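In UniProt numbering, the protein residues as written are 1 to 307.
Here's the structure we're looking at; comments come further down.
As structure tokens, then:
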């Protein structure tokens, strides 16, 4: 009884694995019969891997696979990070009152246009959320300048605001350059050559399953001694072998294109160049501001001592 239950359970598990494989293989099989054959072979390998004869892929193919996987992972990791350059004020969290004020202003303007039928007015950029931390510092500094613009602190705040705004503008230029010369080309590479290589590898997996299924069928015929349809199965096996070899060659060619491409290094150089230019401009701006702030500090202390 227990043996019967175990046998029934094994058959059920085999069917479940085969059915699941058939669903995954739908895009790859040319016909229902081919998908069934591939799914059956897949289930046979999963359920009885020790006793199943599986065609090995060439060592060079495996080596190319590993390299492409590393390149794909690198592209995906960089894109997750470089995508930040598309987001406004990614380097700081805007003050809630600023974002709320911006939303309320936008909604209010929308209602006014809807009720009056008037044309939309140009945005008042003084109410916009600063696009960078440097721009936010510039706004905060300007809003803190008092009535006496000749006071050392007022002069310092004005100079500080101008410098921060210049640095913020430089950062926005860097963002645009990185998106255009690094993020977008990297996205294209991932969606074209790398994706083509991955798709070709899936075709190899499908062709290998089809070929091994045909080999298994041939072995079954040889063991049974029933040679009535041996020739038809042999032709099927040889055709499957040809398709498998062609799929391997195609995948290796596509993976080689990914590995031999000079675009990733070129794109990385563009990323470094954009960052270097920004940090150089930021350094020069603050280097010019530092002695001016120091001089105003001395002036402020002198005025304080003479008071």
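We put the beta carbon where it would ideally sit given N, CA and C, even for glycine.
Being a predicted model, the structure only gives us computed values, none of them experimental.
Buried versus exposed call for residue i [16 or more other C-beta atoms within 10 Å across all chains shown]
i	result
residue 235	exposed
residue 139	buried
residue 245	exposed
residue 305	exposed
residue 267	buried
residue 296	buried
residue 100	In this predicted model, residue 100 has a pLDDT of only 42, less than 50, meaning its place in the structure is not dependable enough to derive any value.
residue 161	buried
residue 287	exposed
residue 271	buried
residue 280	exposed
residue 227	exposed
residue 192	exposed
residue 175	buried
residue 64	buried
residue 254	buried
residue 223	exposed
residue 11	Any answer about residue 11 is weak, because its pLDDT of 46 lies below 50 and its placement is not dependable; what the coordinates show is given next. When all chains shown are included, residue 11 counts as exposed.
residue 213	buried
residue 274	buried
residue 303	exposed
residue 294	exposed
Residues near residue i by beta carbon distance below 8 angstroms, same chain, minus five either side
i	result
residue 107	Interpretation of residue 107 is limited by its pLDDT of 46, a score under 50 that renders its predicted location unreliable; no figure is taken from the coordinates.
residue 144	157
residue 183	79, 82, 83, 85, 86
residue 111	Because the pLDDT of residue 111 is 49, which lies under 50, any placement of that residue in the model is unreliable, and the number read from its coordinates should be weighed accordingly. Once the five neighbours on either side are set aside, residue 111 has no close Cβ partner at all.
residue 242	none
residue 261	189, 193
residue 90	84
residue 55	208, 211, 212, 215, 244
Reference residue i; option with closest CA among the options
i	options	result
residue 92	136, 265, 258, 286	136
residue 95	128, 86, 77	128
residue 309	268, 180, 247, 176	The structure shown does not extend to residue 309, since the chain spans only 1 to 307, so no value can be given for it.
residue 211	58, 233, 198	233
residue 142	84, 148, 154	154
residue 165	181, 146, 179, 132	132
residue 237	219, 186, 200	219
residue 206	64, 278, 240	240
residue 196	256, 89, 63, 265	256
residue 68	262, 258, 58, 203	258
residue 189	65, 61, 276, 74	74
residue 366	276, 77, 213, 56	In the structure as shown, the chain starts at 1 and stops at 307, and residue 366 therefore has no counterpart that could be examined.
residue 269	70, 186, 89	186
residue 250	200, 303, 274	200
residue 59	252, 298, 76, 265	252
residue 198	298, 66, 147	66
residue 264	55, 147, 88, 77	77
residue 173	61, 57, 298, 88	88
Close beta carbons around residue i, own chain, < 7 angstroms, minus the five adjacent residues each side
i	result
residue 292	159
residue 230	221
residue 7	In this predicted model, residue 7 has a pLDDT of only 47, less than 50, meaning its place in the structure is not dependable enough to derive any value.
residue 122	Here the model assigns residue 122 a pLDDT of 49, short of 50, so the residue's position is not dependable, and the following value carries that caveat. Same-chain partners within the cutoff: there are none.
residue 171	132, 134, 278
residue 146	154
Same chain, Cβ closer than 6 angstroms to residue i, neighbours up to 5 away in sequence not counted
i	result
residue 167	134, 282, 285
residue 5	Legend: pLDDT at residue 5 = 46, less than 50; position of this residue unreliable, value from coordinates given subsequently. Excluding positions up to five away in sequence, the list is empty.
residue 163	285, 289
residue 124	Only weak support exists for where residue 124 lies, its pLDDT of 47 falling under 50; the coordinates are left without a value.
residue 300	152
residue 53	none
residue 217	233
residue 203	247
residue 72	194
(request) Could I get the ranges of all uninterrupted beta strand (DSSP E) runs contained in the region 234 to 290, with 3 residues as the minimum, in chain order? (result) Runs found: none.
(message) Could you tell me which whole alpha helix (DSSP H) segments of length 4 or greater appear in the region 156 to 221?
(response) With a minimum length of 4 residues, the continuous alpha helix (DSSP H) runs that stay inside the region 156 to 221 are 184 to 189.
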